[in-house]
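Protein chains in written order, with the numbering used here: chain A, 14 to 217; chain B, 14 to 217. Virtual Cβ for every residue (Gly too), placed ideally from N, Cα, C.
2 protein chains.
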Amino acid sequence: MSKHDESHHPIPRMKSEDRRELILQAATDVFGQYGYYGATTDQIARAAGVSQPYVVRMFGTKEKLFIEVIERALQFILVSFRAVIAESRADLQSRLGSAYVELLRQRGLLLSLMHSFVLGGDPVIGPRAREGFLEVYQFLRDEAGLAPAEAQSFLEGGMLLNTLVGLRMSEEFDSSTAANELLCTALPQKLDVLLEFGKQQASA
Amino acid sequence: MSKHDESHHPIPRMKSEDRRELILQAATDVFGQYGYYGATTDQIARAAGVSQPYVVRMFGTKEKLFIEVIERALQFILVSFRAVIAESRADLQSRLGSAYVELLRQRGLLLSLMHSFVLGGDPVIGPRAREGFLEVYQFLRDEAGLAPAEAQSFLEGGMLLNTLVGLRMSEEFDSSTAANELLCTALPQKLDVLLEFGKQQASA
DNA sequence: ACAGGTGGTTATTGAATGATTACTTACGCA
DNA sequence: TGCGTAAGTAATCATTCAATAACCACCTGT
C-alpha cells in the first residue's frame with residue numbers, strides 16, 4: 014500500500030442542504046409507514062444513514078420535521094399538477110389522476126399526508142393539514158377550472174387510492190378476488206404503478 | 014344523617030361485560046383521535062373512568078384492544094348497513110350513505126378504522142384491516158347488489174368523508190369559503206350531522 | 001500551518017408508557 | 001353471617017424515545 018493507506022474510510026461528507034434532503038426523503042418514507050407517533054427519529058436517522066441526534070438537531074423537533082415532510086409532499090403534488098396543466102388543458106381529470114398515481118413512486122409521500130389528515134385534532138399538525146388539503150382543493154377549482162362536483166369527485170378518488178395504498182391492498186391482488194376486482198376498478202390505468210409500489214413495500 | 018353516613022362513596026361496581034363495553038367506547042374515541050401509536054392506555058383508561066392497569070389486564074395488550082376496537086367498529090357498520098337493506102331495497106346508494114354518516118354519532122368509530130387503514134404494513138393490524146375493508150366491499154357487491162363501479166364510487170365517498178372528519182374540516186366551515194363549498198358539495202344532505210359532530214370534537 | 005466554521009458522532013438523560021405484581025374492597029350466595 | 005370470587009386499584013418496573021451535551025474531524029481561507 015502507499016504511504017497512509019485508507020483503512021478508515023474517508024467517511025462521505027455532504028453539504029447540509031443535501032443531507033437535509035436525504036433525511037426528508039427518509040422521513041417521508043418512515044412517517045408514511047408508521048405515522049407521526051409510530052415513527053421514531055431513530056428509524057428515520059437509520060433510513061437516512063445518519064445518527065439520531067443529527068436529525069433532531071437539523072429540524073429542531075420531530076414535530077417540525079413532520080411538518081416539513083408534509084409541506085414538501087404538498088409542494089410535490091402541486092408542482093406535478095401544474096406541470097400537467099402547463100402541458101395541455103385537455104382531459105384534465107384523468108391526466109391529473111395519472112400524475113397523482115405517479116407520485117406513489119416517491120415512497121411514503123401520499124401516505125405521510127394521509128397520516129396528517131387523520132390527525133386534524135392536533136393543535137399544530139391539524140391546521141397545517143387542513144390548509145394543505147384546501148390548497149389542493151383551491152388548485153382544482155381555480156387553476157384546473159374544475160366544478161365543485163368534479164373537484165370533489167377527484168378528491169374522492171384520491172382518498173380511496175391513498176387508503177388502498179395504506180392498506181397494502183395490493184398484497185391481496187392474487188389471493189382475493191374481491192381485492193383484485195376492487196383494484197382493477199379503482200385504477201383504470203396505472204395499475205402497474207401500484208403493484209410495483211406494492212412489491213417495494215412488501216420487501217421493506 | 015343515618016347510622017354510617019356515606020362519606021366514602023360506595024364506588025359503583027359493574028359487571029365486567031358492561032365495563033368492557035365502556036372501555037371499548039372510550040378506546041374507540043381515543044384511538045380515533047390519536048391513532049394506534051398516539052393513543053395511550055392511560056388516556057383510554059381515564060376516558061373510561063378506570064385505572065390504566067385495568068384496561069390492559071382486561072384486553073391483554075394495547076394491540077389486542079385496538080384490534081377489538083376496529084372489529085367492533087366494522088360490526089357496527091355492517092349491522093347498520095344490513096338494517097338499511099332490510100328496510101327497503103330502493104335508492105340503496107344514498108340510503109347506505111346516510112347510514113354511514115349517521116355512524117359519526119359513535120365518536121371515533123370511523124376514525125379508528127381510518128387509522129387502521131393507513132397501518133396496513135403492520136404485521137397484525139394490517140391483515141385485519143384489509144380483511145375488514147374487503148368485508149365491506151363484499152357486502153356492497155353481494156348483499157347490496159352494487160356493480161363494481163358503484164361499490165367503488167361508494168367507497169370513494171366514504172374515504173373522503175373519513176378524511177374530512179379526520180381533518181376536522183368542519184372547523185373551517187365558517188372561516189374558509191373553500192372548506193364551506195367542499196363540505197356542502199361532499200355531503201348532499203346530512204351536513205348537520207357532521208357539523209354537530211365537529212362541535213363535539215372541538216370541545217374535546 | 002493553523003484557526004474556525006461546518007458536518008457530523010457518542011454518551012447521556014429525563015419523561016412517558018405498556019405491562020406486571022400484589023394488594024383491597026364490594027357483592028352474591030350457602 | 002361469613003366466605004369466596006369478581007371487580008378493581010396502587011405501586012412499580014423495564015423500555016423506549018426525543019432531546020441535550022459534549023466532543024471530534026474534515027475542509028477552507030489566509
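- When the alpha-carbon of Ala99 (chain B) is set against those of B:Ala157, B:Gln214 and B:Gln151, the nearest one is in B:Ala157.
- Below the 9 Å Cβ cutoff, chain B contributes no neighbours of Glu34 (chain A), its closest Cβ being approximately 24 Å away.
- In the three-state scheme derived from DSSP, where H, G and I count as helix and E and B as strand, Leu147 (chain A) is classed as helix.
- Within the region 189 to 204 of chain A, the residues whose Cβ lies closer than 9 Å to some Cβ of chain B are Ser189, Ala191, Ala192, Glu194, Leu195, Cys197, Thr198 and Ala199, listed in chain order.
- At a C-beta separation below 8 Å, Glu209 (chain B) has no neighbours in chain A, since its nearest C-beta there lies roughly 16 Å away.
- Within 7 Å of the CB of Glu115 (chain A), no CB atom of chain B is found; the nearest one sits about 19 Å away.
- Shown here for Ala215 (chain A): same chain residues with a beta carbon closer than 8 Å to its own, the five before and five after excluded, namely Arg181 and Glu184 in chain order.
- Within chain B, the residues whose beta carbon sits less than 7 Å from that of Thr176 (chain A) are Phe130 and Met172, listed in sequence order.
- Unbroken alpha helix (DSSP H) stretches of 4 residues or longer found wholly inside the region 127 to 206 of chain A: 138 to 151, 161 to 179 and 190 to 199, given in chain order.
- Where Asp104 (chain B) is concerned, there is no enclosing alpha helix (DSSP H), because DSSP gives it neither an H nor an E.
- Arg108 (chain B) sits away from Asp42 (chain B), with the two beta carbons spaced by 9 Å or more.
- Sorting B:Glu115, B:Pro66, B:Arg26 and B:Ile80 by C-alpha distance to the C-alpha of Leu37 (chain B) places B:Ile80 at the top.
- With its beta carbon at least 9 Å from every one in chain B, Ala40 (chain A) lies outside the interface.
- Our two residues, Gly48 (chain B) and Met127 (chain A), have alpha carbons roughly 12 Å apart in a direct line.
- With respect to Leu173 (chain A), Glu169 (chain B) sits close: the two C-beta atoms are nearer than 9 Å.
- In the same chain as Arg33 (chain B), and ignoring 5 residues on each side of it, the C-beta atoms closer than 8 Å to its own belong to Met71, in chain order.
- Taking a beta-carbon distance threshold of 9 Å, Met182 (chain B) counts as an interface residue toward chain A.
- Taking 9 Å as the cut-off, the Cβ atoms of Ser101 (chain A) and Phe44 (chain A) do not count as close.
- Sixteen is the threshold: when 16 or more other Cβ atoms of the shown chains lie within 10 Å of the Cβ of Ile138 (chain B), as they do, the residue is buried.
- Approximately 10 Å separates the beta-carbon atoms of Ala40 (chain B) and Ile83 (chain B); this is outside 8 Å, ruling out the contact.
- Neighbours of Gln46 (chain B) across chain A, judged by C-beta separation under 7 Å: Gly134.
- Among the residues of chain B, those whose CB is under 9 Å from the CB of Ala162 (chain A) are Thr198, following chain order.
- Annotation: the continuous alpha helix (DSSP H) that includes Ala58 (chain A) extends over Thr54 to Ala61.
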